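Heads up: the sequence shown at position 157 corresponds to 157 in our numbering, and the numbers run straight through without jumps.
For glycine and all other residues, C-beta sits at the position ideal for the given N, C-alpha and C.
Note that the coordinates shown come from a computational prediction; the quantities given were computed from them, not determined experimentally.
Here's the structure we're looking at; comments come further down.
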Amino acid sequence: MEFKYKKTLLSLAIIGSLGLTGCSSSSSSSDDPADDPAVPQATTTSGAAAKGILNKGAVSAVELSDLAENVGELGTATTIEDGSYSLDLADTYAGGPIQLTITATADTEMKCDVPVGCGTRADDIVDTDTNVDFGEWYKPGENSIHMQALVPSATDGASVDVSISHLLQT
1 MEFKYKKTLL SLAIIGSLGL TGCSSSSSSS DDPADDPAVP QATTTSGAAA KGILNKGAVS
61 AVELSDLAEN VGELGTATTI EDGSYSLDLA DTYAGGPIQL TITATADTEM KCDVPVGCGT
121 RADDIVDTDT NVDFGEWYKP GENSIHMQAL VPSATDGASV DVSISHLLQT
């Protein structure tokens with residue numbers, strides 16, 4: 001009986017040592033941090049703001065809990081003349097839902113997308129008349145526009161394309 005017990009212990013020791021050889025550290029031929037799964041990779045969101053194109057719109061990203069509560073700020077960006085933006089999420093991002101919001105600032109410009117025009121000009125943009133015609137830039141006013149989009153989650157190193165076009169009524 002004692003011999004069988006020692007044989008079992010020896011077998012377990014051999015199997016255990018073989019398993020540990022798979023866990024030993026190894027060096028990679030690549031020095032690229034992107035190849036190391038232990039190094040967190042930047043997660044980026046990008047897209048466009050479209051309710052008429054928004055230039056100089058303030059983009060913000062927050063992480064939400066499963067109960068839609070704000071867990072933390074993830075970053076900010078500004079849209080450019082074609083309405084696009086790019087935002088690298090903060091290293092604190094833990095993989096939850098992301099809420100992206102675009103808000104008009106005092107400097108935000110919007111391209112009129114209504115065929116009959118967007119009303120009478122009330123901004124400092126130089127024009128030949130006081131009407132904001134289809135295709136013309138105008139300033140809608142600070143906090144006059146709020147658009148949001150939700151992303152269920154993103155993974156480390158992902159590049160997530162999110163266009164934000166849902167206009168919230170305030």
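- As DSSP reads the structure, lysine 111 sits in a beta bridge with Trp137.
- Residue environment: leucine 150 is assigned as exposed (fewer than 16 neighbouring CB atoms within 10 Å of its CB, all protein chains considered).
- Taking 3 residues as the minimum length, the beta strand (DSSP E) runs contained wholly in the stretch 70-130 are 70-78, 84-88, 98-103 and 109-111, in order along the chain.
- In the structure shown, serine 159 falls within a strand segment according to DSSP collapsed to helix, strand and coil.
- DSSP, read as helix, strand or coil, puts valine 151 in strand.
- Within the same chain, Cβ atoms closer than 7 Å to the Cβ of valine 71 are found at Glu63, Leu64, Ser65 and Gly96, the five residues on either side in sequence being excluded.
- The shortest C-alpha to C-alpha distance from threonine 92 to any of Ala106, Asp107 and Ala61 is the one to Ala61.
- For a cut-off of 8 Å, the C-beta gap from leucine 54 to glycine 83 is around 5 Å, short enough to register as a contact.
- In the three-state DSSP reduction, valine 132 falls in the coil class, being neither helix nor strand.
- Within the DSSP secondary-structure output, isoleucine 145 pairs in no beta bridge.
- Between the beta-carbon of glycine 57 and that of alanine 104 there is about 6 Å, and that keeps the pair under the 8 Å contact cut.
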